[in-house]
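Worksheet for the structure shown next.
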Amino acid sequence: MSRVGGPRDGADARGLSATSTREVRQETMIINMGPQHPSTHGVLRLLLELDGETVISCTPIVGYLHTGIEKNTEYRTWQQGVTFVTRADYLSPFFNEVGYCLAVEKLLGIEAPPRAQVLRVLFCEMNRIASHLVWLATSGLELGAVSMMLYGFREREQILDIFEAATGLRMNHAYVRIGGVLMDLPDGGMERIGDFLQMMPGRIDEYERLLTRNPIWLQRNSGVGPLSAEDALALGVTGPMLRAAGVARDVRRDEPYCGYETYGFDVVTRDGADCYARYLVRIEEMRQSLRIVGQCLDRLREPGPVMVDDPKVRWPAQLEVGPDGIGNSQAYITHIMEESMEALIHHFKMVTEGVSVPPGEVYVPVESPRGELGFYVVSDGGNRPYRVRMRDPSFVNLQAAPQMIRGGLVADVIAVIASIDPVLGGVDR
Amino acid sequence: MPVERVEGFRSGRTAEQGEEEFERGLLLTTIDRAVGWARKQSMWPVTFGLACCAIEMMATGAGDYDLSRWGMEVFRASPRQADLMIVAGRVSQKMAPVLRTIYDQMPEPKWVISMGVCASAGGMFTNYAVVQGVDTIVPVDIYVPGCPPKPEMLMYGILRLHEQVRTEGSFK
Amino acid sequence: MSAVGVAERVRATYPDVVVARDEASVSLGREDLLPALESFRADPALRLDFLSSVTATDWPGRDPRFWMVYELSSNDLRHRLRVKVGLHEDDLHVPSVTGLFPTADWHERETFDFYGVVFDGHPDLRRILLPDDWEGWPLRKTEELGGVDTRFHGAFIPPVDRRTP
Numbered sequence: 001m002s003r004v005g006g007p008r009d010g011a012d013a014r015g016l017s018a019t020s021t022r023e024v025r026q027e028t029m030i031i032n033m034g035p036q037h038p039s040t041h042g043v044l045r046l047l048l049e050l051d052g053e054t055v056i057s058c059t060p061i062v063g064y065l066h067t068g069i070e071k072n073t074e075y076r077t078w079q080q081g082v083t084f085v086t087r088a089d090y091l092s093p094f095f096n097e098v099g100y101c102l103a104v105e106k107l108l109g110i111e112a113p114p115r116a117q118v119l120r121v122l123f124c125e126m127n128r129i130a131s132h133l134v135w136l137a138t139s140g141l142e143l144g145a146v147s148m149m150l151y152g153f154r155e156r157e158q159i160l161d162i163f164e165a166a167t168g169l170r171m172n173h174a175y176v177r178i179g180g181v182l183m184d185l186p187d188g189g190m191e192r193i194g195d196f197l198q199m200m201p202g203r204i205d206e207y208e209r210l211l212t213r214n215p216i217w218l219q220r221n222s223g224v225g226p227l228s229a230e231d232a233l234a235l236g237v238t239g240p241m242l243r244a245a246g247v248a249r250d251v252r253r254d255e256p257y258c259g260y261e262t263y264g265f266d267v268v269t270r271d272g273a274d275c276y277a278r279y280l281v282r283i284e285e286m287r288q289s290l291r292i293v294g295q296c297l298d299r300l301r302e303p304g305p306v307m308v309d310d311p312k313v314r315w316p317a318q319l320e321v322g323p324d325g326i327g328n329s330q331a332y333i334t335h336i337m338e339e340s341m342e343a344l345i346h347h348f349k350m351v352t353e354g355v356s357v358p359p360g361e362v363y364v365p366v367e368s369p370r371g372e373l374g375f376y377v378v379s380d381g382g383n384r385p386y387r388v389r390m391r392d393p394s395f396v397n398l399q400a401a402p403q404m405i406r407g408g409l410v411a412d413v414i415a416v417i418a419s420i421d422p423v424l425g426g427v428d429r
Numbered sequence: 430m431p432v433e434r435v436e437g438f439r440s441g442r443t444a445e446q447g448e449e450e451f452e453r454g455l456l457l458t459t460i461d462r463a464v465g466w467a468r469k470q471s472m473w474p475v476t477f478g479l480a481c482c483a484i485e486m487m488a489t490g491a492g493d494y495d496l497s498r499w500g501m502e503v504f505r506a507s508p509r510q511a512d513l514m515i516v517a518g519r520v521s522q523k524m525a526p527v528l529r530t531i532y533d534q535m536p537e538p539k540w541v542i543s544m545g546v547c548a549s550a551g552g553m554f555t556n557y558a559v560v561q562g563v564d565t566i567v568p569v570d571i572y573v574p575g576c577p578p579k580p581e582m583l584m585y586g587i588l589r590l591h592e593q594v595r596t597e598g599s600f601k
Numbered sequence: 602m603s604a605v606g607v608a609e610r611v612r613a614t615y616p617d618v619v620v621a622r623d624e625a626s627v628s629l630g631r632e633d634l635l636p637a638l639e640s641f642r643a644d645p646a647l648r649l650d651f652l653s654s655v656t657a658t659d660w661p662g663r664d665p666r667f668w669m670v671y672e673l674s675s676n677d678l679r680h681r682l683r684v685k686v687g688l689h690e691d692d693l694h695v696p697s698v699t700g701l702f703p704t705a706d707w708h709e710r711e712t713f714d715f716y717g718v719v720f721d722g723h724p725d726l727r728r729i730l731l732p733d734d735w736e737g738w739p740l741r742k743t744e745e746l747g748g749v750d751t752r753f754h755g756a757f758i759p760p761v762d763r764r765t766p
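Structure below.
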């Protein structure tokens, strides 16, 4: 450093005066990220300890969305539990419902009719695509690919239109019920899904053209947030995060439910174990889900019942989608109000008292877009659940966040949290 | 806009003072209209999406139901730069102080839309963990019911708020 | 291996095994928990090396009142086992399994948060989902559901018809 006129007051060439001792201290800085933050995928709070730009430690603090769902299910009937449980992981409501209903059906010892199982698989796989689209949209937005946000939500609107036509709601449907599903597909539903299947592969190719070999996307994701297979298994991580580390673990393949063993699909794995590998896994999973949806459509060509026949279990009403959502169909209302007193009494008892489930406990896992979603359900023989525990994949996957963030840069925290794809509703329940 | 003269208003004023007051009233009314129009024209929301309603709020901001028709697609992350807080989702007991802090950090004038039944009244979660209505913490201008409300419902709530803002007058 | 096969294998060392609805469940004493989990992982026929979930259930008429539930599964052999440990309400301690399965960290914090079960040896046992200064263990059957009558930090939320604007 050159100084005009030479050093003053005995200062040396660096400009530090010999008389004033200046200490250069190095401290780590503790930064709070969240809970209100645009990029944390919900109300997640991260306490980051930084040394410059390097993250030394990271502590996730959760609980900002704790809703008491598990306690609330103990005070409602078994059927009402579906509406509570569906709002836990709100980006994959069908999975919550399917897991819960499978657990209750296992306790009851019944099985949903085949057409209901196909419908469950169909809606679950479309929900998987919708959830991955939200992940892609928000991750793209956070890392700077703003147009990805618009593309992702554009396709998601198509899926939500199909959901709305079939179940009456865009989200949190309460469509899967104990013993089957609520209603069959509406008229024209299969054509709409077929059109969606025609359109979607081209769109996924469009996303890949935008991102997969994009130098910015590669630099922000490649090598970022590594989580080896051993660490992932020790930390209980499942889902695309585990499959991106090379472990082919998928509940649909290992412990099939709803007839998944009869569908042809691949369990997608990659070897990178970083954010980029997780991105590739999710993109390919969307394609595999489209494959499964196509197979479901073929199986839906033969008609059949969508709810089990047992009058002590089945939802008594026939419902249809009206102008303001799902409601009892006119024919059914006529039947119970004017034709049959027994049907009215039965309807009343089923709606107020609900199903009586024999005592016992079960654990049923399903493969949600984020990993293994497990339901541990305990019954004491009554018409209310005794304990419903949701083993949510985001809750467990988020535990791995410190491992992946430590040692990286602050800017990579966003990429890592995005690649975990946490849904704080599931984390906090 | 027709101006009504109130009977018996003059109390110890001369005709010239009355004229001056009339003109000032006209000026203030015009300013009111201008300010009201400007405030509602581009009201920037703060990102306060909590749960399922947040996804519908994002869908409202995305391409199909476009909020940028009203200049609102910029969701400011910092509450200091925002003037609308859309509380989208269930507010847990742990989040309540954070909600109040964010609200306090917003500069005046500010408005609050309570989106969804969980924010309006606790929703289906009448239990220990959820605040039974966000109006116990912050003053709410518009309640939008629904679980979650469709984007069209949220847009209707936003437009009603715009009408309210446009006509409320700037000197509260 | 099927559930019955798993049950037979476990019954040799821990006789209190039940198979119901195609699921095997073994009940242990608290002091047997860590050795049992280690042996289940090491046993070449069981290889239960993945812990899915740790939780508890409250049975307030029974003794022991609290039952810890551990869901184990095997990555390679694809079978499951449930391990249950009964705890009495005046001695609500259980050894933490985070040494064997690091994934149990947050699960145990959640169980502590909801039931008040203390995990000996846990690296950082504090509340996770509820605010840090919350009083009470909400998921116990003796605690109320709450709602409009919840008091927290001196604030009280009245029912909707008793609120003044």
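Residue numbers (my numbering), protein chains in the order written: chain A, 1 to 429; chain B, 430 to 601; chain C, 602 to 766. All residues carry an ideal CB built from backbone N, CA and C; glycine is no exception. Computed from a prediction, not measured in an experiment: that's the story for all the values here.
| Query | Result |
| --- | --- |
| Chain A contacts made by the stretch 703-721 of chain C, where a contact means CB separation under 9 Å | Pro703, Thr704, Ala705, Asp706, Trp707, His708, Glu711, Asp714, Phe715 |
| Buried versus exposed call for alanine 491/B [16 or more other C-beta atoms within 10 Å across all chains shown] | buried |
| Beta-carbon separation (whole angstroms), alanine 112/A vs valine 308/A, contact threshold 8 Å | 6 Å |
| Short-range partners of chain C found in the stretch 100-133 of chain A, where Cβ spacing is below 8 Å | Lys106, Leu107, Gly109 |
| Contacting residues, own chain, Cβ-Cβ under 6 Å from serine 92/A (five flanking each side not counted) | Asn127, Ser131, Ser368, Pro369 |
| Strand pairing of methionine 33/A, partner residues [DSSP] | Leu46/A |
| Chain C contact for lysine 579/B (CB, 8 Å cutoff) | no |
| For glutamate 372/A, the residue or residues it bridges with in DSSP | Glu367/A |
| Buried versus exposed call for proline 444/A [16 or more other C-beta atoms within 10 Å across all chains shown] | Nothing can be reported for residue 444/A, as the shown portion of chain A is limited to 1 through 429. |
| Span separating the alpha-carbon of methionine 149/A from that of threonine 138/A | 6 Å |
| Separation of leucine 701/C from serine 640/C, as counted between CA atoms | 11 Å |
| Proximity to serine 507/B [Cα-Cα], best of Gln534/B, Leu590/B, Ser521/B | Gln534/B |
| Contact list for tyrosine 494/B against chain C, beta-carbon separation under 9 Å | Correct list: empty, because the minimum Cβ distance to chain C is about 30 Å. |
| Chain B contact for threonine 83/A (CB, 8 Å cutoff) | yes |
| Beta-carbon spacing of serine 626/C, aspartate 650/C below 8 Å | no |
| Residue nearest to glycine 179/A in terms of C-alpha spacing, selected from Trp78/A, Phe153/A, Ile204/A, Thr352/A | Trp78/A |
| Beta-carbon separation (whole angstroms), leucine 688/C vs phenylalanine 667/C, contact threshold 8 Å | 4 Å |
| Exposure of threonine 67/A, with buried meaning 16 or more beta-carbon neighbours within 10 Å | buried |
| Neighbour flag for proline 724/C against chain B, beta carbons, 8 Å | no |
| Rounded C-alpha distance that separates threonine 712/C from aspartate 623/C | 26 Å |
| N-terminal and C-terminal residue of the beta strand (DSSP E) that valine 655/C is part of | 651-659 |
| For threonine 73/A and glutamine 80/A, the rounded distance between their alpha carbons | 8 Å |
| The stretch 292-311 of chain A in contact with the stretch 170-179 of chain A per 3-pair CB rule at 8 Å | yes |
| Test: glycine 360/A CB closer than 8 Å to a CB of chain B | no |
| Neighbour list for tyrosine 557/B in chain A, Cβ cutoff strictly below 9 Å | Gly68, Lys71 |
| CA-to-CA distance, isoleucine 515/B to phenylalanine 477/B, given in whole angstroms | 6 Å |
| Three-state secondary structure (DSSP) of leucine 133/A | helix |
| Glycine 294/A - DSSP class collapsed to helix/strand/coil | helix |
| Inter-residue spacing [alpha-carbon to alpha-carbon] between isoleucine 484/B and arginine 462/B | 34 Å |
| Cβ pair leucine 634/C, valine 670/C closer than 8 Å | no |
| Contact set for histidine 680/C: own chain, Cβ-Cβ below 6 Å, skip 5 residues either direction | Met602, Val607 |
| Burial state of histidine 694/C, where buried means 16 or more other Cβ atoms lie within 10 Å | exposed |
| Buried or exposed by the 16-neighbour rule on C-beta atoms within 10 Å, applied to leucine 740/C | buried |
| Contact with chain B by proline 739/C, beta-carbon distance below 8 Å | yes |
| Residue-chain proximity (alanine 488/B, chain A), Cβ-Cβ < 8 Å | yes |
| Best match in Pro474/B, Phe554/B, Thr459/B, Ala488/B for proximity to methionine 582/B [C-alpha to C-alpha] | Ala488/B |
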